[in-house]
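S.K.:
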Amino acid sequence: MPTRDPRPLPSRSRATRREFLKRAGWTTAALTPLLAGSSPRRAFAQTASPYPDWMPPSPNPPKRGKLLTRASAWDPPVLDPRLTNSVGLSQFATLTSNRLVRYPYSDEAANTTDLTLKGDLAESWQGSPDFRVWTFKLRKGVKWHNVAPLNGRELVAADVKYCYEQYAKEGVQSFTFQEIEGIETPDKYTVRIHLKTPNTMFPQNLAEPVSIIFAREVLEEDGDLKKRLIGTGPYMIKENTRKVRVVLVRNPDYFEPGRPYVDEYHILSTPDAATRLAAFRSGQSDIHFVASLNDAAAIKKTNPAAVIQEYKTVQTVFGLALAQDKPPYNDVRVRRAISMAIDRQKQVDTIYGGHGILGWGIPYFYFQDKMPTAAQLGPYWQYKPTEAKRLLTEAGHPNGFETTLFYYEYFPEMSSQVQLVQQDLKKNLNIEIKISKLDYTTFYGRYADGKWDGMSWGFKTGYATGLDEQTYQYMHSKSTKNYWRFADPGIDELVTKLRRTPDRAEQRALTKKVFEREHDQVTRMWMPYDSGFLVWQPFLRNTGSLALRRNDGYGASTLARLWIDK
Amino acid sequence: MYTYVARRLALSIPVLILSSLIVFGLMRVMPGDALTALMGESGNVSPKELEKLRRDLGLDLPYYKQYLIWAWQMLSLSPGDSIFTNEPISVALKKSIPVTVELAVLAMILGLAIAVPIGVISATRQDKPSDYAGRVAAITGLSLPDFWLGTLVITFAAIWFRWIPPLGYASLWTDPWTNLQQFLLPAAVLGFRLSAATMRMTRSTLLEVLREDYVRTAWAKGLGERIIIYKHALKNALIPVITLVGGQFGTLLAGTVIVETIFALPGMGRLTVEAILFRDYPIVQTNVMLVAVTLVTLNLLVDLTYAWLDPRIRYQ
Amino acid sequence: MAIATAPGRTFDEPVTDHVSRIRALWTVIKRKPLGMVSAGLIIILVLTAIFANVLAPYDPLAAQPEIRLAPPSWAHPFGTDDIGRDVLSRVIYGSRISRWVGLLAVGIGTCVGMIVGLVSGYWEGRLDLMLQRVMDALMTIPGLILALAIVSVLRPSTTNAMLAIAMVIIPGNSRVVRGAVLSAKQNRFVEAAQAIGCRDYRIIASHILPNVTAPILILASIWLGNAILIEASLSFLGVGTQPPTPSWGLMLSSTGRAFMEQAPWLAIFPGLAISLAVFGFNLFGDTLRDAWDPKLRRRG
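Residue numbers (my numbering), protein chains in the order written: chain P, 26 to 591; chain B, 5 to 320; chain V, 3 to 302.
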């Protein structure tokens with residue numbers, strides 16, 4: 026059976042569709058000021074911004090050379106990909122290393138949500154009819170970086186087998202790789218993976234930015250992967266000074282000839298947001314990220330030539346997490362009441378200036394073509410404070426109760442949202458929330474530990490691109506990545522069925538059922554969100570950032586196709 | 005004199021031991037521990053793996069054993085490894101100490117260079133407008149939070165001058181020009197507060213000294229004002245100032261925490277704060293002990309200088 | 003932390019007359035305009051804190067997100083913040099937090115420091131040696147770091163930040179008090195009282211304490227300013243006051259910095275409030291010293 030790639034196919038008439046969208050975008054932008062004065066209940070969840078959400082690749086021939094710098098907020102906690110999923114590592118590990126399969130780069134993608142799987146280290150792959158055996162044929166002539174102890178030797182199937190077995194053994198990737206029963210390498214370039222249970226979407230899991238292929242010799246020599254990161258990727262680490270900078274240099278033996286284009290990429294450690302902004306303005310940083318329209322406008326004022334791309338928001342990463350395995354939140358009526366007592370549309374209109382999305386947990390293009398409307402988010406999503414009060418009273422809390430909420434301020438708008446929720450719940454349900462704003466480590470540890478009480482402004486991990494990751498790996502009751510601590514047999518059944526369904530249309534239908542069930546049972550109370558904007562110096566080309574793969578973070582692998590026009 | 009030195013030295017030791025106990029105790033009492041930090045942004049580490057990590061890092065030993073191990077490491081000058089990065093602490097220190105030292109020294113120089121002249125002017129023209137101006141400026145310097153000043157400086161440097169200090173720390177020895185560019189603004193911000201305190205101190209001690217008899221005699225003799233001030237008065241007035249500056253060194257080091265974060269300098273202050281937040285015990289303990297030892301030594305030196313200058317103190 | 007008093011300074015005149023002291027203070031305030039300014043600022047601060055609920059035009063916690071980030075206007079003289087709360091009301095209520103800072107942090111720090119210093123200085127001996135070594139040990143840890151570590155242990159909140167700051171204040175205070183006690187003990191009155199067998203607490207109360215109050219109050223007034231700054235720094239590092247509490251430090255370090263370009267009033271007004279408060283306290287400390295420090299009184 027031929028490989029069925031269960032993904033949205035790229036649109037046939039790329040050029041015209043893109044043109045149309047661009048034109049439509051500008052028109053809507055022109056109308057926005059007229060609409061901005063009033064704050065009506067919108068039928069559509071998002072206002073268009075004056076910035077395009079797609080940067081088409083440059084039609085000019087790419088130039089080689091030059092230096093790319095970026096002031097980054099994240100220091101890599103460790104270099105060992107078995108120990109962390111942090112974007113601090115992925116921001117360059119995806120450039121030093123490859124995966125078996127990958128998603129399109131910005132100069133090959135049809136649009137921002139193009140998720141066609143492409144071969145990275147693998148040339149082709151095939152699943153058995155029962156989807157329990159996946160065979161990958163490796164590219165020939167791929168060389169490891171020409172540094173000791175690899176010294177530029179060729180990548181072989183045994184290398185891949187070793188990596189996956191290590192991932193399954195220990196560390197944060199183990200849940201994904203433990204569904205592997207065994208790996209065969211019948212020849213140097215073939216990897217055959219046997220799964221314990223069928224999974225039609227297994228290759229997608231291998232395309233996640235965290236599943237990089239690392240070097241066995243390094244692990245065997247050093248005993249761990251904390252000191253050296255050697256891979257097969259377009260860039261090599263020349264210098265890694267903790268809290269100062271990471272210097273990447275071009276790999277001359279990269280298996281894609283002629284690429285990468287840029288000679289060096291410097292990532293400068295800059296923990297303070299104001300400093301990062303100042304660095305961009307003064308030309309010391311080439312790439313910058315801002316969370317809101319106002320921030321983008323402020324940059325345009327001082328740097329009118331800067332290119333701003335709206336980073337397309339297709340899902341929400343954050344929401345109100347409840348300790349659902351305990352009272353009072355294990356009662357679905359309590360959850361529904363809380364959900365109906367929060368005015369989310371107002372958050373979108375005010376804090377995000379109409380630009381954010383209402384909030385849902387699965388990238389919408391996996392189950393429908395347009396963003397969900399408020400009506401589609403179900404009856405318990407709507408703002409109905411009286412109904413909420415009635416439901417909470419019915420559940421046995423006529424006078425509300427007291428609880429705590431801890432969070433980490435990932436961006437300033439989050440604090441605004443948390444405080445608005447606090448006010449809503451107090452006003453409508455008499456639920457008193459005591460807020461604890463924590464530092465990143467305390468927050469992360471407590472949240473991921475899963476033993477906290479009360480509420481939290483929680484998240485699902487930010488790197489997931491594939492559908493299986495988004496559903497089974499995050500929502501199954503037995504998964505270690507189910508931070509929201511819910512165990513819904515209905516969802517378990519749906520997501521297990523989903524990963525066994527090869528037909529794309531059926532997958533969409535099933536995914537939609539998952540989405541609806543989630544909102545019906547209020548298992549994860551998603552909150553409004555805005556993916557923000559990426560700001561680029563005007564001389565950069567091929568900067569298009571794709572949905573779910575921000576190219577200053579988890580999507581950094583696409584920077585291999587970026588070039589500098591100076 | 006020697007008994008004085010010996011006595012002071014002997015007293016320093018229990019102080020240092022107590023400091024180490026305080027720091028060690030504080031670190032152990034903190035909720036959450038270094039292992040949660042190691043999990044980075046994911047967290048699917050099973051309890052079994054967690055236990056193994058804990059054993060590898062020696063966190064499962066009884067507290068007194070952990071303390072003794074660490075104390076021995078301190079004394080033998082081999083501070084062990086960071087829990088978070090597994091990198092030897094000595095390596096991290098070798099990289100970060102020069103940054104903080106340079107920042108602190110530059111801040112002191114800048115601070116004093118501003119403070120002493122203003123203090124002199126303020127004292128000699130007491131209660132005149134320039135005195136008020138100086139005092140108001142000084143107290144303003146003491147009233148502005150460091151992080152606010154730092155943020156203002158870096159934001160408006162970018163907006164008005166399109167320039168900020170080059171990011172990516174360059175050492176003084178390899179690239180002195182870039183290095184000075186990087187350190188000038190943060191040192192100025194840090195030194196601003198120090199200069200405020202010093203200016204007030206200079207003013208008040210100089211005022212006192214100017215009333216002393218030997219100064220009055222010099223006036224009577226008809227010596228010029230400048231000679232009186234700089235040759236006679238200032239030298240004596242500066243003694244308490246030196247003490248103050250020595251005492252302020254601790255504050256200076258604390259201030260580096262914030263300035264290093266804003267100006268992206270990889271110094272000890274930033275290292276320590278992040279280590280506290282990450283619960284990286286070995287780094288926090290080592291750093292704080294280092295600072296403690298430095299401060300105790302500095303105090304000792306200051307006291308000894310004092311004793312040398314003023315014989316009365318020696319015989320207390 | 004600017005310790006404006008030089009070490010080694012003693013108050014060697016037997017001052018027991020509180021009335022004359024207050025009169026001296028009043029004279030100085032009247033004569034020096036800066037003294038009046040500082041006294042005025044402090045009075046304003048205290049009154050604002052007490053009558054906050056009367057003075058504030060809006061509820062400081064009432065969010066109206068529709069009018070968020072509005073510039074100063076007649077309706078909202080200081081503008082509105084990121085969720086539409088009135089900044090003026092928040093700044094006014096913020097004075098209560100600062101008062102809390104004063105009472106809790108500086109109050110506890112000063113009292114405990116005073117007790118430790120008294121005990122140490124009056125009875126001397128081994129107790130003194132031990133206590134002073136502990137105080138020295140605490141002083142070897144830079145203040146902000148110590149406060150940060152303590153707050154991380156206790157859990158971030160306003161109260162815990164205050165306790166942490168109190169811990170930072172205690173060692174320095176105790177040292178100054180000890181010095182004052184030591185010099186007061188040399189006073190002939192004390193010797194005489196001890197000779198005729200007066201009870202210790204009597205001696206302390208009538209002879210030692212009066213000498214000690216002057217340096218304590220001077221230090222306390224300076225620390226009031228510093229404590230506000232440390233609380234702001236702790237908020238900057240993320241471990242101080244919690245939202246939605248209207249503390250000046252939190253307002254300045256979080257929303258003030260985040261929206262510095264779009265809405266500078268979010269930072270200007272809390273920043274101004276902090277600066278004026280610290281300014282007032284520092285200046286008042288100066289004035290107190292001018293009034294009570296016998297050496298400076300000679301200036302005539």
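Virtual Cβ for every residue (Gly too), placed ideally from N, Cα, C.
1) At a cut-off of 6 Å, is residue 195 of chain B close to the ligand MG when judged by its beta-carbon and the heavy atoms of the ligand?
2) Could you spell out where the alpha helix (DSSP H) holding residue 281 of chain V opens and where it closes?
3) Which word fits residue 577 of chain P, buried or exposed, when buried means at least 16 other C-beta atoms lie within 10 angstroms of its C-beta?
4) From this set, P:299, P:303, P:223, P:202, which residue's C-alpha is nearest residue 236 of chain P's C-alpha?
5) Can you find a CB in chain C that lies within less than 7 Å of the CB of residue 307 of chain P?
6) Compare the Cα-Cα distances from residue 210 of chain P to each of P:191, P:226, P:186, P:265 and report the closest residue.
7) Going by DSSP in three states, residue 583 of chain P sits in which element: helix, strand or coil?
8) Using alpha carbons as the reference points, say which of P:339, P:367, P:81 lies closest to residue 490 of chain P.
9) Using a cut-off of 7 Å between C-beta atoms, extract the partners of residue 319 of chain P located in chain V.
10) Mind pulling the alpha helix (DSSP H) runs of 4 or more residues that sit fully within the region 29 to 111 of chain V?
11) List the whole-angstrom C-beta distance separating residue 108 of chain V from residue 229 of chain V, where the pair is believed to meet the contact cut-off of C-beta under 8 Å.
12) Taking the alpha-carbon of residue 111 of chain B as reference, which of B:259, B:31, B:299, B:144 has the nearest alpha-carbon?
13) Can you list, in chain order, the stretches of the alpha helix (DSSP H) that have 4 or more residues and sit fully within the region 169 to 197 of chain V?
14) Return no unless some Cβ of chain V is closer than 7 Å to the Cβ of residue 152 of chain B.
15) To the nearest angstrom, how far is it from the Cα of residue 109 of chain B to the Cα of residue 173 of chain V?
16) Could you check whether residue 101 of chain P and residue 114 of chain P sit closer than 7 Å to each other, using their CB atoms as the reference points?
17) Please report the distance separating the alpha-carbon of residue 293 of chain V from that of residue 207 of chain B.
18) Could you please tell me which residues of the region 234 to 259 of chain V, in chain order, have their CB closer than 7 Å to any CB of chain B?
19) Along the region 82 to 96 of chain P, what residues have a CB closer than 9 Å to any CB found in chain B?
20) Would you report the Cα separation of residue 221 of chain V and residue 332 of chain P, rounded to the nearest angstrom?
21) According to DSSP, is residue 270 of chain P helix, strand or coil?
22) Report back the beta-carbon spacing between residue 43 of chain V and residue 238 of chain V to the nearest angstrom; my notes put them in contact at under 8 Å.
23) Helix, strand or coil: which one does DSSP assign to residue 402 of chain P?
24) Is there at least one Cβ from chain V nearer than 7 Å to residue 70 of chain P's Cβ?
25) For residue 205 of chain B, count neighbouring Cβ atoms within 10 angstroms of its own Cβ and tell me buried if that reaches 16, exposed if not.
26) Assign residue 11 of chain B to one of two classes, buried (16 or more other C-beta atoms within 10 Å of its C-beta) or exposed (fewer than that).
27) How big is the Cα-Cα spacing for residue 155 of chain P and residue 388 of chain P?
28) Which residue spans inside the region 304 to 388 of chain P form an unbroken alpha helix (DSSP H) run of at least 4?
29) Name, please, each residue of chain B whose Cβ falls closer than 9 Å to the Cβ of residue 145 of chain V.
30) Would you say residue 65 of chain V lies against chain P (beta-carbon separation less than 7 Å)?
31) Sort out for me which residues DSSP pairs residue 291 of chain P with in a bridge.
32) Considering only C-alpha positions, which residue in the set V:155, V:251, V:95, V:76 is nearest to residue 62 of chain V?
33) Restricting to Cα atoms, I'd like to know which of V:217, V:200, V:206, V:68 is closest to residue 182 of chain V.
34) In this structure, does DSSP put residue 571 of chain P in helix, strand or coil?
35) From the beta carbon of residue 324 of chain P, is the nearest beta carbon of chain V less than 7 Å away?
36) Quick check: what's the CA-CA separation for residue 184 of chain V versus residue 262 of chain B?
M.R.: With the given structure in hand:
1) Ligands are entirely absent from the displayed structure, and the ligand MG is therefore not among its contents.
2) Per DSSP, the unbroken alpha helix (DSSP H) holding residue 281 of chain V starts and ends at 267 to 294.
3) Under this definition residue 577 of chain P is a buried residue.
4) Checked all of P:299, P:303, P:223, P:202; the closest Cα to residue 236 of chain P is P:202.
5) Absent from the structure: chain C. Protein chains present are P, B and V.
6) Measuring from the Cα of residue 210 of chain P, the nearest candidate turns out to be P:186.
7) Residue 583 of chain P falls in the helix class under three-state DSSP.
8) Checked all of P:339, P:367, P:81; the closest Cα to residue 490 of chain P is P:339.
9) Going along chain V in sequence order, the residues near residue 319 of chain P (Cβ under 7 Å) are 264.
10) The DSSP assignment places 35 to 52, 54 to 57, 89 to 102 as complete runs of the alpha helix (DSSP H) inside the region 29 to 111 of chain V, in order along the chain (cut-off: 4 residues).
11) Under the criterion of beta carbons closer than 8 Å, residue 108 of chain V and residue 229 of chain V qualify as touching, at roughly 5 Å.
12) Closest by alpha carbon: B:259.
13) Counting only runs that start and end inside the region 169 to 197 of chain V, the alpha helix (DSSP H) elements of at least 4 residues fall at 190 to 197.
14) For residue 152 of chain B, the answer is yes, since a Cβ of chain V falls inside 7 Å of its Cβ.
15) Rounded to whole angstroms, the gap between the alpha carbons of residue 109 of chain B and residue 173 of chain V is 26 Å.
16) For residue 114 of chain P and residue 101 of chain P, yes; Cβs fall inside 7 Å.
17) Residue 293 of chain V and residue 207 of chain B: Cα-Cα distance of roughly 17 Å.
18) Cβ contacts with chain B: 234, 235, 238, 239, 254, 255, 259.
19) Cβ contacts with chain B: 94, 96.
20) Spanning the two alpha carbons is a distance of roughly 54 Å.
21) Judged by DSSP in its simplified three-state form, residue 270 of chain P adopts strand.
22) Residue 43 of chain V to residue 238 of chain V, Cβ: 24 Å. No contact.
23) If DSSP states are grouped into helix, strand and coil, residue 402 of chain P belongs with the helices.
24) A caution first: residue 70 of chain P carries a pLDDT of 42, below 50, which makes its placement in the model unreliable, though a value can still be read off. Cβ-Cβ to chain V under 7 Å: no for residue 70 of chain P.
25) Label assigned to residue 205 of chain B: buried.
26) Burial state of residue 11 of chain B is exposed, judged by a 10 Å Cβ sphere holding fewer than 16 other Cβ atoms.
27) So the two alpha carbons sit approximately 27 Å from each other.
28) Runs of the alpha helix (DSSP H) inside the region 304 to 388 of chain P: 318 to 327, 357 to 365, 369 to 375.
29) Contacts between residue 145 of chain V and chain B, judged by CB atoms closer than 9 Å, involve 254, 255, 258 in chain order.
30) By this cut-off, residue 65 of chain V is an interface position.
31) In DSSP, residue 291 of chain P forms a bridge with P:94, P:272.
32) The option with the nearest alpha carbon to residue 62 of chain V is V:95.
33) Considering only alpha carbons, the answer is V:217.
34) Residue 571 of chain P sits in a strand when the DSSP states are folded into three classes.
35) So, not an interface residue.
36) Linking residue 184 of chain V to residue 262 of chain B through their CA atoms gives a straight-line distance of about 38 Å.
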